[in-house]
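Undergrad: If you scroll down you'll find the structure; I have some questions about it.
Residue numbers (full-length UniProt numbering): 1 to 216.
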């Protein structure tokens, strides 16, 4: 049985919650959640490493090799710029969110969101990763709620990312591996790997590294 909280990303609109449906948003995780308490022993980082490690080819059937793949959630954070997240870390999409600004916060810190009786930080990735080219901040159309662990074994924490559009789910294999892009100095610190998709290098980001550190 898969975790009903973490493994099925939800879209909340006007106070209601519904599961994503359709092939574009259909969760492909067919195992217990990697970071919740539903009996899975892997840490968040181990699950990410499993996703981004070299994936062996399956047995040849009728002369055809079947390549193993892993699902990734592609998130746009600026025009022409994307990153990827493991599905099990993406919890919920909130449309037209009510974000409460924090006076004196860094430009990338958009404020706080009240989510499931918890105040969680909302991060603008465009202003964090591309501060020189990021457009003026506007009220976000969507935010994506994420789960993360600072270190394995610690309680889950939560944060959210500003989204200009809904994410897309793709399947990744080892033949797609590539070098990290050079448009932000933060990629090596927050990324575990990178793959090429539609002629773009897309870093696979560790949510613990992204949300569990301070940015000066």
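For glycine and all other residues, C-beta sits at the position ideal for the given N, C-alpha and C.
1. In its own chain, which residues sit with a C-beta less than 7 Å from the C-beta of residue 218, not counting the 5 before and 5 after it?
2. Note down the Cα distance separating residue 199 from residue 176, rounded to an integer number of angstroms.
3. In this structure, does DSSP put residue 210 in helix, strand or coil?
4. Rounding to the nearest angstrom, what Cα-Cα distance links residue 172 and residue 114 in this structure?
5. Is the beta carbon of residue 77 closer than 7 Å to that of residue 126?
6. Quick one: is residue 207 buried, meaning 16 or more other Cβ sit within 10 Å of its Cβ, or exposed?
7. In angstroms, rounded to a whole number, what distance separates the CA positions of residue 163 and residue 140?
8. Cα separation between residue 55 and residue 181?
9. Applying the criterion that 16 or more other CB atoms from any shown protein chain within 10 Å of the CB defines a buried residue, is residue 159 buried or exposed?
10. Extract the residue ranges of the alpha helix (DSSP H) inside the region 113-157, only unbroken runs of 4 or more that lie entirely within it.
11. If we count Cβ pairs, one from each stretch, closer than 8 Å, do we get three or more for the region 90-98 versus the region 188-198?
TA: Once the coordinates are examined:
1. Outside the displayed span of the chain (1 to 216) sits residue 218, for which this structure offers no information.
2. 11 Å
3. helix
4. 33 Å
5. yes
6. buried
7. 7 Å
8. The predicted position of residue 55 is uncertain, since its pLDDT is 31 and thus under 50; a value taken from the coordinates is nonetheless stated next. Each residue's Cα considered, the two are about 22 Å apart.
9. buried
10. 125-129
11. no
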